[in-house]
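Notes follow the structure.
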Amino acid sequence: MIFKTLFAIITWSGIYALIMSDVLSSNYFLLIMTFMLLGFVNIFIAFNVMHDATHDAYSKKQWVNDLLGYSMNFIGGNQYLFRRMHGAHHGYVNIQGIDVTLETHGLFRFTPDEPYLKYHRWQHFYTPILYALAMLHWVTVKDFKWFL
Numbered sequence: 441m442i443f444k445t446l447f448a449i450i451t452w453s454g455i456y457a458l459i460m461s462d463v464l465s466s467n468y469f470l471l472i473m474t475f476m477l478l479g480f481v482n483i484f485i486a487f488n489v490m491h492d493a494t495h496d497a498y499s500k501k502q503w504v505n506d507l508l509g510y511s512m513n514f515i516g517g518n519q520y521l522f523r524r525m526h527g528a529h530h531g532y533v534n535i536q537g538i539d540v541t542l543e544t545h546g547l548f549r550f551t552p553d554e555p556y557l558k559y560h561r562w563q564h565f566y567t568p569i570l571y572a573l574a575m576l577h578w579v580t581v582k583d584f585k586w587f588l
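In terms of this note's numbering, the sequence shown opens at residue 441 and continues consecutively.
Given below as C-alpha cells:
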C-alpha cells in the first residue's frame, strides 16, 4: 500500500512539475500527452489510494484512511460525494439501470444486459484513453449530478 501511494505521489508531483515548468509549452502534442498521463495518474490515485482508504482497507488507523480518502479532493473530486455515490454502487453492484457506475452512455459494455454495439469489441483499446479523461467528466458532471 505504501509503495503504490509513494509511487502515485512522486509520479503525480513529477508530471505536475513538468507541466508547470513550461518546458513543453512549444510542443503541444507532448503537452497534451503529458496532461493525459496526469489523467492516468489521477485515475490510479482514485482507484488505488482513495478507493482503498474510503473502504477503510488502507490502514488499521481510521485517521490514515480518512486522510488518504481526501486524496480525491486533491485530484479534483469530492470525497463526500464519492462516498455517497460509491455506497449506492455497492448496494446494486453490476445491476444494469440501477448501478450508477455503469452509466457510460453506451461508450462501454460492462454487462451482458447492455446492448452490444460494434465498437464495443475495441473497448479494450479506447477505454484507457477515455478513463484518462474521465476525471474531467467526474468533476464537471457527476459530482454536480450527485450533489443536486
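In this text, a Cβ means the ideal position worked out from N, Cα and C, and glycines have one as well.
Remember, it's a predicted structure, so these values are computed and weren't measured experimentally.
Note down the Cα distance separating residue i from residue j, rounded to an integer number of angstroms.
i                 : j              : result
leucine 464       : threonine 474  : 9 Å
aspartate 506     : arginine 523   : 11 Å
isoleucine 455    : asparagine 467 : 15 Å
leucine 521       : arginine 561   : 32 Å
phenylalanine 548 : threonine 567  : 8 Å
tyrosine 510      : threonine 580  : 18 Å
aspartate 553     : glycine 546    : 12 Å
Less than 8 Å between C-beta atoms, sequence neighbours within five positions excluded: which residues of the same chain meet that for residue i?
i              : result
isoleucine 459 : Leu471, Thr474, Phe475 and Leu478
Does the beta-carbon of residue i, which I'm using as the reference point, lie nearer than 6 Å to any heavy atom of the ligand ATP?
i           : result
leucine 471 : Ligands in the displayed structure: none, and consequently the ligand ATP is not present.
Residues in the same chain with beta-carbon distance under 7 Å from residue i, minus the five sequence neighbours each way, listed in chain order, please.
i              : result
asparagine 518 : Met512 and Asp583
Quick one: give me the first and last residue of the alpha helix (DSSP H) that residue i is part of.
i              : result
histidine 526  : 519-531
serine 453     : 442-460
asparagine 534 : Note, asparagine 534: premise wrong, no alpha helix (DSSP H); not H, not E.
histidine 491  : 491-494
tryptophan 586 : 583-587
leucine 470    : 468-484
asparagine 505 : 502-509
Looking only at its chain, what residues have a beta carbon closer than 6 Å to the beta carbon of residue i, apart from the 5 residues adjacent to it on each side?
i             : result
threonine 551 : Asn534 and Gln536
For this session: Taking 8 Å as the threshold, find out whether the stretch 513-529 comes into contact with the stretch 537-548 through three or more Cβ pairs.
Result: Segments in contact, yes.
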